Amino acid sequence: MPRIILRRVELSGFGPYRDSVVVDLDDGLNVLSASNETGKSSLVSGIAAIIFGIPQTSDQVAFGQGRFRNWFNPRRFEGKLDFLADGVPHHIERDFDSNRISFSKEEGGKWKEISTGEHNPGARHRNTSYEAIIQQLFGMTNRELFEATFCLIQPLPESETLDERLQGLLSGSGKSFEQSLDKLANELKEYTRFTGEKGVTPRDLREARQLENLSAKIESLQQAIAQEQGQVDEFEELKKNAAALREQKQKAEADYQLNKGVLDAMGEWKMAAERYRMSSRNRMELENAVQNAAAIEQRVNALESQIVRDYSEFIDAPAETGTDLDNLINMDAAIRQTNTKEQQYAETHAQLEAELAAYDASGEGSEAATALGKDGGTVHPSSSQQDRRTVPASVPAFALARWGAFGSAGAANAVVRSIRRAFAEFLKRWEEDEQSQRALADCQTRLAELSVFDSFAPSELELLGSPKERASQLQSELGHQEMLLAAAKHARASAIGNTIIFSILTAIVVGAAAYLLSAPLVAVTVLAAAGAAASWLIQSLIRSRRRAKSAAGAAGATSGKMLEPGKVEEAVKQAQHEVERFTASVQPLIKRFGDLDGVNNAYLDWQTARSHEQNLKNDLTRFETEYLQMGRADLLGDIGTSGAPAAGAASASFGAPATHGATPCPDHIGELVDFARKVDPTAHIDRLADLAFWVRTVAARKWEVWLAETIAYEQHCLRKSETIIRLDAHHRELLKIRQDLDQLKQQRNAAATTQIMVPVMAAAADDPVLARKRWQSRTLLREELANERSALNGILAVQGVSDVTSLKEKQYQAFDAVSDAFSRWKGLIEAMPGLPATEAADDPAAIEMKLEQLRAKEHSLRQQVETLTDLLTQNADKLRGIQGQNPLNIAEAEQRLADLQREKAELTELVEALTLAHHTLRESIVQYQAAYRDRLAAATTAFFAQLSGVPEEERHVELDEGFHLSVVSQGRASAPVQLSRGAQDQLYIALRLAIAELLSGGVDLPFIFDDPFLNCDSERLELIRDCLVNRADEQQLLLLTHREDFDSWGRKVALTEG
C-alpha cells in the first residue's frame, strides 16, 4: 500500500461549521489546539465521511447526515480532501447531501479524474470503481474499521479485545479460510445445535437440529417408558423447576424495569443537557453583544464630539450646503474658463484685424500683392479652401493681379478652363489642316505620275477596270462568234474544205489576237493549234447535230434558220473590232507598266489618288469656311490689334494673290487672340500661325501655372471674405463673453455672502474647494456615526431591548438561567444512578454508545423474560401432560427406542467427523495467525515501555487466540481494567501505535489523536511526547487537543475560514 499524507481538509456545513473551514497539514506531527466544542471531533468525522461516505439518515445520534448537518441551514454540505499517495497528489470532493464524489489525481502536471458518480455507504448497489481505488490506497473501505485502527478518540475504548475486522486486517487471513470454516460449520448446523459446545461456533444454536430432535425423541420415549415407573418423582421435579423459573422471571422483570427507567431518564438527561447548552450559548451571545454595544457606544460619543469640535462652522448649515459649495466651485471654474476664453478671443480678434489690414493693403499691382505673402512675394493657399484641384505650394503674388481683369474670383478659373478647351480645339484643327495640306501635296505628286490615265475617255477607262478579265471576255466572245460562223458555213460547203478553211481562219484569227496581245511565239503556235482543233471539234459537233436534226424531222428546219452566215459574220467582225480596239488601248500602258496586272494596279492607284485628293480638298474647304470662316488667302494675313487680318498678307504658298482689305476674324478666334495677349503681353501674335506657334510653345507650358494662379486668386478673395466674416463673428462673441463674465462674478459674490455661507467660506479662507472638502469630511463622519448608531440599534433589536442598560440586565438573567439549567441537570444525574456525568455531553459518540448499551440490555432482558415465560409454559404443559397421560406399550416403545438409538449413533459419528475437520482447519488458521499476534504483542510491549517508562523486561503485553489483552508483570497476568486509568490510556495508545506500525508495510495511513490524554500527568505526557516525536519520522500524526501547551510538540496548524 502507498504511504498516505494528508495535505488539506475543507468542510462546509459539517457539524459546527456552517461556513467553509480549512486546515492545512504537513508530514510529521501536526498539532491543532482549540477549546472544547469548536469542532475538533467533527474534523475527524469529516475526514472519515469524505473518504468512506456518510449514510443518508435523519437519526440525530447515529453517524449520518442528520447528526452532522449544521443546524443553521448551510448553503453547502460538502467536503474536500487533498493528500499524497507515495508523493502523487490526489483530490477527493464529496457532496454529503447526494454522496456524489469526484476523485482525481495529478499525472504529468495535469489533473486526471479517476472516479466519479455516487458513493452511498448504505446503498445496495455499491460504487465498485471508487471502493476498489479506496481499498488500494487506504487498505480498507469501512469507516468503522478506519476509526478503530487509525483514530484514537476520548474517551479511550474499554473493550479488551480487538475488532474482528481489525483482527483480519492484522493477521492477513483471507476469506478462503473463513469460507471453509463457515462451510463446515453450516453443514454441522444441519445435524446439531450444539456447535458452540463442540467449539465450532461461539454459542449453541437456539433451535434443535436432527441430532437434538432425534435425542429428544429418544429421551421422550425413554421418559415415556420410565414414566410408568417414576411418574411421581418426575411430577415433583417439575414443580420444583416451575418455582425456580418463576423466581428467575421475577428477578429478570425487576432488572428490566430498572434498566427501562434509566433509558427513559436518558431522554430527560439529553433535554437537560440541551437546555444547558442553549442557555450557555445564549449567555455567550449576550456577553458578545454587551461588549460590542459598549464599544459602539464609546465610538458614537467620540464621533459626536469630533464633529462639534472640528466642524463648528457647519452647525446651522442645511443639507443642501454641499450643493451650494458645488455651485460656488462651478462658478469659480466658469469664471476662470470665461477669462481664458475672453483672452483667447481678444488675441484672435487682434490677429484678424491685422490680417484684414494686410488684405486691404494688397492691390492689383505686384508691389501691393507682394504684401500678402509672408515670405516676401509668395501667397500660400489656405488649407481650409483647398479642394481636389491641384494647387502649387506657393504662387508669386504679382501673378494674381493679371486675373482681376477676368471678373469675379471664380470667373478667372472658368475662363482659363474654357479657353484651354478652345485652344485645344483650335490647335487640333490647325494641325489637321497642316496634315491635310501635306497629304494633298503627296496625292497630287502621285496623280502627276499617273497622268497617262487623264487622256482616256470615260468609256475607255471602264475597260481598264479589270483588263485581264476584259481581254478574256472579249476573246471568248470572238471565239464563240467564229464557231457559229464556221457552223453556218459548214452547212453550205463540203465538210472537209470548210473545216480546213474554217480551221485555218480560226488559227489565223487566234494567232493574230495572240500577236496583238504580245504573246510569245510558242503561245501563238499553241493558240493556232488550239484554234484548228477547236474548229475540227466544232465541225464534228455540227455534223452530229445535223444527223440528230435529220432524224428529228421538222426540228432540223427550225435550227437551220438560226445559223445564217451573213449575220454570224457581222457578229464576228464586231467581236474582232472590240478585240482590236481593246488591244490598241492597253498596248501603250503595257509598255509602261509591264503587263495587264501592272496596268490594273496603276489604274486602281490613280482612282484612289483622285478620290483622296477630292476628300482632302473638301477638308481644307471645311476648315476655311466652317471653322475659320475666312478664305485661304486671309489665313496667313496680319491679324492686327483688333484680330482682323491685314491686306496683302496672303502667302504665296497657297498659289493665290494677297487680298486687299481686311476680313475680320470670327469671334471664337478673336477670343483666343485676346486671351493670349492678356496673359502674355510680351507675345507677338500678328498672324494665326503665330497664334498656333504660341499655343504650342508658351501655352502648353503655362496652362497648369495659370490654373494654379486663378485658384490662388480665388482663394485670396475667399480668405479676405472669410476674414471679414470671422472678424465680425469674433467681435460679437467677445462682447457676449465679457457680458457673461460680469454676470458670473455678480452671481458668485451673491452666493458667497449669504448668512449660511459667510462662516463656511471664512473657515476655508474663501476657498470653496477647501470648504467642500471639509463638508465631505464632516459628511463622512456623520455617515460613520449613523452606521455606528445603526449597528448599536441592530444589536439591541436582536436582543429585544431598548438600551445598553437593559441589555446588561438581560445578560445577568442569562447567567442565572445557565446556573439554573446546570443545577437541574446535576440533580437529575444524582437522582437517577447510571446516567452519564455532565462531562459526557462533550462526547456525543459516548452518549450514543451508552444509549445503545441500555437498549441492548433492555432487549436482552426482554428476551430473558420471554424465554422464562416460555419455559414456565412448557413446564406447566409437562405437568398437565403427566397428569393426563395415557398408558404406554412398553415392548413397542423399547423396540422403537433401539431403532432411534442406532440412527443417533450413525448421526453422531457424522457430527464428530465434521467437528474434527473444523477443529483441524481452525488449528491450522490459529497457527498461521499466531505469528501476527506475537508481533503485535511485542510491538505493543515496546510502545507501552516507551510511554510508561517501565522496561520491557519488567512488564510485557500478551494477546491470546481471541486477541484479548493482558499485561504480564513479574510473571502475573492482569486484565487492563486492573491498571490505573492513566496506565490504561497508555496501554491503549501503545496498542494503536503498534497496530499502525504493523500495518505500515501494508496500510500506511496518518494516525489521528482526538484529545486522548485526559488522564495523563506531566510525566506521562512527556513520555508520550517523546514517543510521538519519534513516530512522526515514519508516519504522519495529527494531534487534536484543547491544551495550548501541546503546540510545541510539533507543527502548529489551525482551522481557518475557507
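Under my numbering, the first residue of the sequence shown is numbered 184, with each subsequent residue one higher. The beta carbon of each residue, even a glycine, is placed where N, CA and C say it ideally should be. Computed from a predicted structure; not experimentally measured.
Close beta carbons around residue i, own chain, < 6 Å, minus the five adjacent residues each side
{"i": "S195", "result": "S203, R259, E261"}
{"i": "L371", "result": "T378, V383, L1097"}
{"i": "F858", "result": "I602"}
{"i": "R191", "result": "D207, D265"}
{"i": "L772", "result": "V782"}
{"i": "N424", "result": "N1058"}
{"i": "L1174", "result": "T1123"}
{"i": "L1222", "result": "V214, F1192"}
{"i": "K1235", "result": "V214"}
{"i": "L610", "result": "V878"}
Same chain, Cβ closer than 8 Å to residue i, five either side skipped, listed in chain order
{"i": "I939", "result": "D499, A500, P501, T504, D507"}
{"i": "R600", "result": "L890"}
{"i": "Q393", "result": "E373, Y374, T375, L1090"}
{"i": "L367", "result": "V383, L1097, A1100, H1101, L1104"}
{"i": "W586", "result": "A595, E892, T893, Y896"}
{"i": "A426", "result": "none"}
Per-residue burial, residue i [other beta carbons within 10 Å of its own, 16 or more giving buried]
{"i": "L787", "result": "exposed"}
{"i": "L918", "result": "exposed"}
{"i": "W613", "result": "buried"}
{"i": "L1099", "result": "exposed"}
{"i": "S960", "result": "exposed"}
{"i": "T1239", "result": "exposed"}
{"i": "H663", "result": "exposed"}
{"i": "A640", "result": "exposed"}
{"i": "S985", "result": "exposed"}
{"i": "Y995", "result": "exposed"}
{"i": "G736", "result": "With a pLDDT of 44 at G736, under the threshold of 50, the modelled position of that residue is not reliable, and the figure given next carries that caveat. By the 10 Å Cβ count, G736 comes out exposed."}
{"i": "W958", "result": "buried"}
{"i": "A331", "result": "buried"}
{"i": "G236", "result": "buried"}
{"i": "S1231", "result": "exposed"}
{"i": "E753", "result": "exposed"}
{"i": "W254", "result": "exposed"}
{"i": "T1224", "result": "buried"}
{"i": "P849", "result": "exposed"}
{"i": "A552", "result": "Interpretation of A552 is limited by its pLDDT of 37, a score under 50 that renders its predicted location unreliable; the figure taken from the coordinates is listed afterwards. By the neighbour-count rule (16 or more Cβ atoms within 10 Å), A552 is buried."}
{"i": "K422", "result": "exposed"}
According to DSSP, residues forming a beta bridge with residue i
{"i": "I187", "result": "A268"}
{"i": "D1193", "result": "I336, L1223"}
{"i": "N369", "result": "Paired residues: none, contrary to the question."}
{"i": "W294", "result": "E289"}
Close beta carbons around residue i, own chain, < 7 Å, minus the five adjacent residues each side
{"i": "D923", "result": "T521"}
{"i": "Q1047", "result": "A435"}
{"i": "S619", "result": "L799, D802, L803"}
{"i": "P703", "result": "Any reading at P703 needs caution, since the residue's pLDDT is 47, under 50, leaving its predicted position unreliable; the model's value is listed next. Hits under 7 Å: none found."}
{"i": "L212", "result": "L1211, V1212, A1215, L1220, L1222, W1232, G1233, R1234"}
CB of residue i within 7 Å of CB of residue j, strictly
{"i": "V214", "j": "G1233", "result": "yes"}
{"i": "T1123", "j": "V1140", "result": "yes"}
{"i": "A1179", "j": "F1126", "result": "no"}
{"i": "P199", "j": "G222", "result": "yes"}
{"i": "A1014", "j": "A1023", "result": "no"}
{"i": "L267", "j": "I188", "result": "yes"}
{"i": "P304", "j": "P238", "result": "yes"}
{"i": "N1198", "j": "R1155", "result": "no"}
{"i": "H913", "j": "T531", "result": "yes"}
{"i": "P942", "j": "E496", "result": "yes"}
{"i": "R1038", "j": "A455", "result": "no"}
(Q) Please give the ranges of any beta strand (DSSP E) in the stretch 943-1014, keeping only runs that are unbroken, at least 3 residues long and fully inside the region. (A) none
(Q) Runs of 3 residues minimum, wholly inside the stretch 854-937: which ones carry the beta strand (DSSP E) assignment? (A) none
Q. If you scan the stretch 1072-1145 from start to end, which runs of the beta strand (DSSP E) of 3 or more residues do you find wholly inside it?
A. 1138-1142
Q: Could you name each continuous beta strand (DSSP E) segment of 3 residues or more that falls completely within the stretch 1146-1172, going from the start of the chain to the end?
A: Within the stretch 1146-1172, the complete beta strand (DSSP E) runs of at least 3 residues are 1148-1152, 1155-1157.
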